[in-house]
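Numbering (the numbering used here), first residue to last: 284 to 589.
Glycine residues also receive a C-beta, built at the ideal position from the N, C-alpha and C atoms.
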């Protein structure tokens, strides 16, 4: 870490499944960190033990920081953090940078960037790929929308928690690319789920199905973590909720509509997740889509070890 980068004071809001690991890596690698705590006190206590400071409001995080990272569910939450009472806008200084690591609606992202630019504050989108395991290890993927100068300023901080960083374009492009990325991955999930249900219906069990796909041309890292629920009952192998998947696919639908492009596969994928989201329970992860698709088709894909 160079001395210029080390002088940056970092703020962090959103200590969830991904955010806690990101914040941990920032403070462990030498940066001053001020974070906003949450009802779940375990992440806050962990960060305090590592030398970070806790703030009472988003405004206080902004006052203490040069660069503020946000890692929450989506645009509604980001907008509230920035614009709400006691929000970031009340404490941001000219020359600050706000970095949204959430999967957000690009339309909202561009609007927030314009709003903060009037205050002399840069707004960057840096959504994530991979899982909480990689967040903890500091090996996430990040796709960044920022000017060249702001990206160069942020890169040393991003290096503390990301193993693969792609400067995809200007502000908004990171979130546009993230929606495309999730369209592909969640499309896989919908296809795997329907294929597993059909396989079971015609007498091919999940292990037999897997014996053909695994280590073949259709295998990939997403497939492997997805299948650990159906094959092993491992609910934590792919900790991305069905609720967030459905939210992201509604953002994709909006982006496609604004671009004037037909998106029938995106809509079909969204509808698969909409059904699972409506059926509940609320704490389902993406691989559990297979169980839902099986159930509505009269087959039981509930893992025997769950």
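Is the distance from the Cβ of residue i to the Cβ of residue j below 7 Å?
i	j	result
residue 553	residue 572	no
residue 569	residue 541	no
residue 577	residue 473	no
residue 509	residue 475	yes
residue 308	residue 421	yes
residue 380	residue 484	no
residue 505	residue 468	yes
residue 436	residue 423	no
Give me the Cβ distance between residue i and residue j, rounded to the nearest whole Å; I'm assuming they're in contact under 8 Å.
i	j	result
residue 392	residue 383	7 Å
residue 370	residue 341	5 Å
residue 425	residue 409	5 Å
residue 403	residue 378	6 Å
residue 353	residue 385	6 Å
residue 301	residue 399	So it is not a contact: roughly 23 Å between Cβ atoms.
Taking the straight line between their C-alpha atoms, what separation do you get for residue i and residue j?
i	j	result
residue 434	residue 567	35 Å
residue 521	residue 329	23 Å
residue 372	residue 494	54 Å
residue 311	residue 438	17 Å
residue 580	residue 518	22 Å
residue 586	residue 492	14 Å
residue 462	residue 534	7 Å
residue 348	residue 317	7 Å
residue 451	residue 427	6 Å
residue 513	residue 574	8 Å
residue 548	residue 470	8 Å
residue 303	residue 486	43 Å
residue 351	residue 490	46 Å
residue 544	residue 556	21 Å
residue 345	residue 559	38 Å
residue 286	residue 364	Because residue 286 sits at a pLDDT of 44, beneath the cut-off of 50, its placement in the model cannot be relied upon, and the point is left open.
residue 323	residue 418	18 Å
residue 297	residue 368	17 Å
residue 526	residue 319	24 Å
residue 440	residue 387	21 Å
residue 292	residue 415	24 Å
residue 339	residue 465	33 Å
residue 496	residue 488	13 Å
residue 516	residue 565	18 Å
residue 603	residue 482	Any answer about residue 603 is impossible in this case: the structure gives the chain only from 284 up to 589.
residue 284	residue 305	Any reading at residue 284 is ruled out, since the residue's pLDDT is 44, under 50, leaving its predicted position unreliable.
residue 562	residue 362	29 Å
residue 511	residue 290	43 Å
Which first and last residues belong to the beta strand (DSSP E) in which residue i is found?
i	result
residue 468	Looking at the DSSP string, residue 468 is not in any beta strand (DSSP E); the run it does join, the alpha helix (DSSP H), is 456 to 484.
residue 315	315 to 319
residue 353	350 to 353
residue 582	First-last for residue 582: undefined, no H or E at that position.
residue 487	It is not in any beta strand (DSSP E) - residue 487 carries neither H nor E in the DSSP assignment.
residue 292	292 to 296
residue 425	423 to 428
residue 380	380 to 383
residue 405	405 to 408
residue 520	Run containing residue 520: none; DSSP gives neither H nor E here.
residue 338	336 to 338
For the alpha helix (DSSP H) containing residue i, name the first residue and the last one.
i	result
residue 304	302 to 311
residue 577	572 to 579
residue 332	324 to 332
residue 568	Segment: none, residue 568 is in no alpha helix (DSSP H) and carries neither H nor E.
residue 501	Note, residue 501: premise wrong, no alpha helix (DSSP H); not H, not E.
residue 441	431 to 441
residue 447	Taken as a continuous stretch (DSSP letters only), residue 447 belongs to no alpha helix (DSSP H), being part of the beta strand (DSSP E) at 445 to 452.
residue 531	525 to 542
residue 376	From DSSP, residue 376 is part of no alpha helix (DSSP H); its letter is neither H nor E.
residue 395	389 to 400
residue 415	415 to 420
residue 545	Note, residue 545: premise wrong, no alpha helix (DSSP H); not H, not E.
Using a C-beta cutoff of 7 Å, does residue i count as contacting chain B?
i	result
residue 293	Protein chains in the displayed structure number just one, and chain B is not present.
When you compare the stretch 355 to 363 with the stretch 318 to 335, are there three or more beta-carbon pairs, one atom per stretch, that lie closer than 8 Å?
Contact fails: fewer than three Cβ-Cβ distances are below 8 Å.
Measuring CB atoms only, is the stretch 436 to 447 touching the stretch 494 to 501, in the sense that at least three cross pairs come out at less than 8 Å?
Contact fails: fewer than three Cβ-Cβ distances are below 8 Å.
Below 8 Å, how does it come out for the stretch 393 to 401 and the stretch 451 to 461: are there three or more Cβ pairs, yes or no?
yes
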